[in-house]
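Protein sequence lines correspond, in order, to chains A and B.
Note that the first sequence covers residues 42 to 117 in the working numbering.
Note that the second sequence covers residues 3 to 521 in the working numbering.
For every residue, glycine included, the Cβ atom is placed at its ideal position computed from N, Cα and C.
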Amino acid sequence: MRRWYILLLLPFAGLLYPPLFARETPELFGFPFFYWYQFAWVPLTAGITYLVYRMTRREAAPADRGSGRFRREVSS
Amino acid sequence: MIESFDTDGVAIAVFCALFLFVTVLGFVAARWKRGDLDLLDEWGLGGRRFGTVITWFLLGGDLFTAYTFIAIPALVYAVGAGGFFALPYTILVFPLVFLVMPRLWSVASKHRYVTAADYVKGRYSSRTLATAIAFTGLLATMPYIALQLVGIEFVLKGLGIEGHAPLIIAFAILAAYTYTSGLRAPAMIALVKDTLIYITVIVAVIYIPSKLGGFDNIFSAAGDALPKRDEPGALLPGTPDAQAAYATLALGSAMALFLYPHALTAVLSSRSQDVVRRNMSLLPAWTFLLGLMALFGYMAIAAGLNVAEPNLTVPALFRDMFPSWFVGVAFAAIAIGALVPAAVMSIAAANLFTRNIWKEFVHQECSDREESQVAKITSLLVKVGALAFVLFLPTKFSIDLQLLGGVWMLQTLPAVMIALYTRWFHRWGLLAGWAAGMVSGTWIAMSQDYTPVWDAPLLGVTVYTGLVALFLNLVVAGLLTVVLGSRGRADERDETRAADYDELVETRQPAPTVRAGVA
């Protein structure tokens, strides 16, 4: 389940290497590529974070009921 | 060249009416989610009981400050693409925080920590290291509060009001309701602020381009004008230097943001770890808003506005485009937007001072009542200090210090954030690393005339100073840890347990606010 956290690296890969997106074309709604590409990462990152939140939350669910809590502590 | 504005009666009337409304709210907030305001947990953290919605409004209102809304469009107006680093910065901050902050929330909730320095003290049982962390937080927060005032000042200029009297009145009101209501005041005001900001930006982003012939025209006008500036700007970061500066600024700023005391205060005031995690997927709505606001810089260029100083970009654009009454709404949104972070920052600074300076060095047997009283008075003093900053020192001084603030806060990363995962570093290593980072970061920034980036000699590219200093910090801390080995660790107590960091249960109940000493 911890593997889901790897998804959080995607926005870093997509945004920290400007040569990838410091371009004018293709344009979208009058926005040069550089601008709309970065804007697109906003909902994308929110979606990824939400997915990771949902997937890792299930892991926590048994702890809610008390019995799983002991197991978690032992296994970690 | 636009240097000042005519007074606009209608705009001022709308502005004052909205300001009056939030003032009333600020005082009413004391009765909201009632708690014993004589406890620091209640006054300074709202009783740690805010749910998803309030936390979203509070964190959004707290992190995306009025100064940001003035300064980022101004930067984009002045230099173009370089100023846009704010977008990747505020995108990346949330996945980063998603990983780190829930752990800090859990351990803080378990041990009743109110500040990052509280945690460091518990983790490393080192008063010296904790004091260094608290000192850094106070140092970085003061000029940041002052900048919120600068934000209000530019808005007042936009309304045609000159002179310092209105600023002093606004801050006196803010000080009064922060004193009585604590963190509840900014939390409640944030609801109004955030609504007004969203309305303003959405209207502006639809209305202004329609008057300027669409985004096509706006971008091409900016693309034509920027290279012709005295210091040429550009629509795209073209050179390797510009690109390296862009990426390192985004990453470094994202790493620094949640180390700031005011960010931590808002995080710790939430009800559960789950609320913090859920919010990290909801807060990017603010990022989108900030990105749109950054485009105001290009809109001002396309509208042919020529402002005397970049920070007048947003006021000038709104005055030029909007009818008077909406100018009042928009300016109120920004000015009220300054009050929320200013209040949270002063509360955070007060928490730091009370817990980590007063209780540590002045009066260790401090009662709960005294603790919250000291915090309340400190929050007043901090605001007076910030006001003095703005009234008696050049604005540039606050701006330079705020820039250094980011560099400074980054130096607490090993002791606060890395500590959440490993206790490998030796406490003296951390302290020496911190000192090395603070000195080198400050020195580089000053030698670069307070620009945030540095042509690193060995790397051959331009990078964010804060990251260079952090690198040095980690090297020193690591070397010293290896040298000191296990010596001196016997007396190092760690009051936190591995399980304290992984509390994943949503309590649904407010965390118990136990009076220390009684429990």
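- Assigned with DSSP and collapsed to three states, W456 of chain B falls in strand.
- At a Cβ-Cβ threshold of 9 Å, T289 of chain B and G153 of chain B do not count as neighbours.
- With contacts defined by Cβ atoms closer than 9 Å, I336 of chain B and I199 of chain B form a contacting pair.
- Shown here for L389 of chain B: same chain residues with a beta carbon closer than 6 Å to its own, the five before and five after excluded, namely F173 in chain order.
- Two segments are said to touch when three or more pairs of C-beta atoms, one from each, lie closer than 8 Å; by this definition the region 288-306 of chain B does not touch the region 7-17 of chain B.
- The continuous beta strand (DSSP E) containing T464 of chain B extends over residues T464 to Y466.
- Scanning B:S348, B:T267 and B:N219 for the CA closest to the CA of E68 of chain A turns up B:N219.
- C-alpha of D276 of chain B to C-alpha of G184 of chain B: approximately 24 Å in a straight line.
- The alpha-carbon of W410 of chain B is positioned some 13 Å away from that of L433 of chain B.
- The count of Cβ pairs closer than 8 Å, one atom from the region 400-408 of chain B and one from the region 143-160 of chain B, reaches three, so the stretches are in contact.
- Within the same chain, A438, G439 and S442 come within 7 Å of L474 of chain B by CB-CB distance, once the 5 residues on both sides are set aside.
- Shown here for G330 of chain B: same chain residues with a beta carbon closer than 6 Å to its own, the five before and five after excluded, namely A13, V16 and F17 in chain order.
- Secondary structure at G240 of chain B: coil, using DSSP grouped into helix, strand and coil.
- Assignment of F72 of chain A by DSSP, reduced to helix, strand and coil, places it in the strand class.
- In the three-state scheme derived from DSSP, where H, G and I count as helix and E and B as strand, S283 of chain B is classed as coil.
- Straight-line measurement puts the Cα of P234 of chain B at about 33 Å from the Cα of F394 of chain B.
- M347 of chain B: member of the alpha helix (DSSP H) spanning S326 to L354, first to last residue.
- Under the 9 Å criterion on CB atoms, P73 of chain A is classed as interfacial with respect to chain B.
- Counting every other CB atom within 10 Å of its CB across the protein chains shown gives K195 of chain B a total of 16 or more, marking it as buried.
- Around the beta carbon of D370 of chain B, 16 or more other beta carbons sit within 10 angstroms, so the residue counts as buried.
- In chain order, A87, G88, T90, Y91 and Y94 make up the part of chain A whose C-beta sits under 8 Å from the C-beta of S283 of chain B.
- Only residues of its own chain outside the window of five on either side were considered, and among them Y91 and G408 have a CB closer than 7 Å to the CB of S255 of chain B, listed in chain order.
- For F52 of chain B, the beta-bridge partners assigned by DSSP are B:S272.
- Not a single C-beta of chain B is nearer than 9 Å to the C-beta of P67 of chain A.
- For I93 of chain B, the chain A residues whose C-beta falls within less than 8 Å of its own C-beta are P52, L56, Q79, W82, V83 and T86, listed in chain order.
- Excluding residues up to 5 positions away in sequence, F59, L60, G63 and V342 lie with their Cβ nearer than 6 Å to the Cβ of A192 of chain B in the same chain.
- When DSSP states are grouped into helix, strand and coil, G165 of chain B belongs to the coil group.
- By the Cβ neighbour-count rule, Q245 of chain B is buried, with 16 or more other Cβ atoms within 10 Å of its own.
- Taking a C-beta distance under 9 Å as the contact criterion, L481 of chain B and P416 of chain B do not qualify as a contact pair.
- Shown here, V26 of chain B sits in a helix according to DSSP, grouped into three states.
- Inclusion of A87 of chain A and L284 of chain B in the CB contact set at 9 Å is warranted, their separation being smaller than that value.
- With respect to the C-alpha of T138 of chain B, the residue from B:V157, B:A19, B:S127 and B:A118 having the closest C-alpha is B:A118.
- Contact check for P396 of chain B and R279 of chain B: beta-carbon distance about 42 Å, past the 8 Å limit, so the pair fails to qualify.
- In the three-state reduction of the DSSP assignment, G435 of chain B falls in the helix class.
- Your pair L294 of chain B and V203 of chain B checks out as a contact, with CB atoms roughly 6 Å apart and the cut at 8 Å.
- L319 of chain B and C368 of chain B have their C-alpha atoms spaced approximately 52 Å apart.
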